[in-house]
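Numbering (our numbering), first residue to last: 1 to 327.
This is the structure in structure tokens:
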């Protein structure tokens, strides 16, 4: 094999490892990182990269679960509300009523799962479009968070729990939220890409009627996906309150749209049946590196959202173009 052919072969191997869609997102992430590293040398420092991953953790956990739900053909706009309720329940019990933090956290996670179950039952029993149904429950859950917290933030100091979920650094450099993010990512990858449940998720989202004819209980598959999304929201809430040592009823506002955007950037099809956990991780990372790069450049906060929106559009275009060329 001549020298000119070797780089092409390596590139083809990378594309096969990541998949066509994921490879397009990887290219976009690398180009964005290269752009910011040229403008600001501190961008590619280990400290900044770990900081990006820490910022990515909460959104990434929810986005990965959202990916499974979108692949199954559904949406959940209430994840921000579930995130708020789980945090507020934990905060009210531990911060205001002196309940043991572990029991309080368990109650918060249980509340998140119950709200996810409510979403699944509502959609399954009424056949309402999940976009509309969860838009409604999002408002309800936000109201629940406001009532439980009385509209006030809740602060508390519980060192060991905080260290375990949000504030410790392994080996002095690796933030604990990144470890939780990685663990959830591995679990999500196995569920979606290496189990029969994942096969059923793809089949349900691709063609629900055909999946049912094949004996797949699509309602159960979708309900499980809603529960996983709620579980992810609860876990993200615990990480947030551990890092910040406070919870507010308005936390997580806009989180649902960012989670969907991260999944779509990662190549997840809005129509269902197509998506990957690795792609969503890269999509989430792209959003975090853009925001971090703009902060390092001293960009005004109001301008940052516009740039993030632009990068989302460009990343999707690059992803689609590269995927089309390689078919």
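Where is the CB? At the ideal position from N, CA and C, for every residue including glycine.
For the alpha helix (DSSP H) that residue i lies in, which residues bound it at each end?
i	result
residue 46	46-71
residue 205	196-206
residue 288	277-296
residue 220	218-244
residue 270	No alpha helix (DSSP H) holds residue 270; DSSP gives it neither H nor E.
residue 159	159-162
residue 181	176-193
residue 119	101-126
residue 135	130-149
residue 86	79-91
residue 264	255-265
How about residue i and residue j: do their beta carbons lie closer than 8 Å?
i	j	result
residue 134	residue 98	no
residue 282	residue 34	no
residue 240	residue 58	yes
residue 255	residue 83	yes
residue 288	residue 63	no
residue 167	residue 271	no
residue 89	residue 111	yes
residue 229	residue 124	no
residue 178	residue 54	yes
residue 275	residue 70	yes
Using beta carbons (cut-off 8 Å, strictly below), is residue i in contact with chain D?
i	result
residue 57	No chain D appears in this structure, which consists of one protein chain only.
When the Cα atoms are used, what is the spatial distance from residue i to residue j?
i	j	result
residue 3	residue 22	Caution is warranted here: a pLDDT of 48 is assigned to residue 3, below 50, making its placement in the model unreliable, and the coordinate value is therefore given only provisionally. Distance between the alpha carbons of residue 3 and residue 22 is about 27 Å.
residue 280	residue 245	28 Å
residue 326	residue 174	Since pLDDT at residue 326 reaches only 48, below the 50 mark, its modelled position is unreliable, and the value read off the structure follows with that caveat. Using only the alpha carbons, I get a separation of about 37 Å.
residue 128	residue 72	16 Å
residue 309	residue 268	17 Å
residue 206	residue 286	27 Å
residue 122	residue 114	12 Å
residue 47	residue 105	30 Å
residue 298	residue 86	34 Å
residue 25	residue 150	43 Å
residue 225	residue 306	31 Å
residue 136	residue 118	12 Å
residue 27	residue 152	44 Å
residue 109	residue 38	43 Å
residue 8	residue 220	Caution is warranted here: a pLDDT of 49 is assigned to residue 8, below 50, making its placement in the model unreliable, and no coordinate value can be reported.
residue 31	residue 131	33 Å
residue 194	residue 277	12 Å
residue 251	residue 50	23 Å
residue 312	residue 100	42 Å
residue 154	residue 253	17 Å
residue 328	residue 164	Past the edges of the chain, shown from 1 to 327, lies residue 328, and the structure says nothing about it.
residue 196	residue 184	18 Å
residue 43	residue 304	16 Å
residue 171	residue 159	18 Å
residue 314	residue 261	12 Å
residue 257	residue 176	25 Å
residue 102	residue 169	21 Å
residue 1	residue 302	For residue 1, the predicted model reports a pLDDT of 47, less than 50, meaning its position is unreliable and no value from the coordinates is stated.
residue 211	residue 273	11 Å
residue 284	residue 190	19 Å
residue 300	residue 192	39 Å
Pop quiz: residue i and residue j are said to be a contact at Cβ under 8 Å. What is the actual Cβ separation, rounded to whole angstroms?
i	j	result
residue 263	residue 56	Not really, about 14 Å apart at Cβ, beyond 8 Å.
residue 181	residue 61	6 Å
residue 138	residue 78	4 Å
residue 223	residue 120	4 Å
residue 116	residue 227	5 Å
residue 156	residue 91	7 Å
residue 126	residue 296	Going by Cβ atoms, the distance from residue 126 to residue 296 rounds to 48 Å, so no, they are not a contact pair.
contact_flag[the region 279-295, the region 93-109] where n(CB pairs < 8 Å) is 3 or more: The region 279-295 vs the region 93-109: no contact.
Sufficient close CB pairs (3 or more, under 8 Å) joining the region 229-247 to the region 204-217: no
Touching by the beta-carbon criterion (3+ pairs, under 8 Å), the region 190-203 and the region 140-152: no
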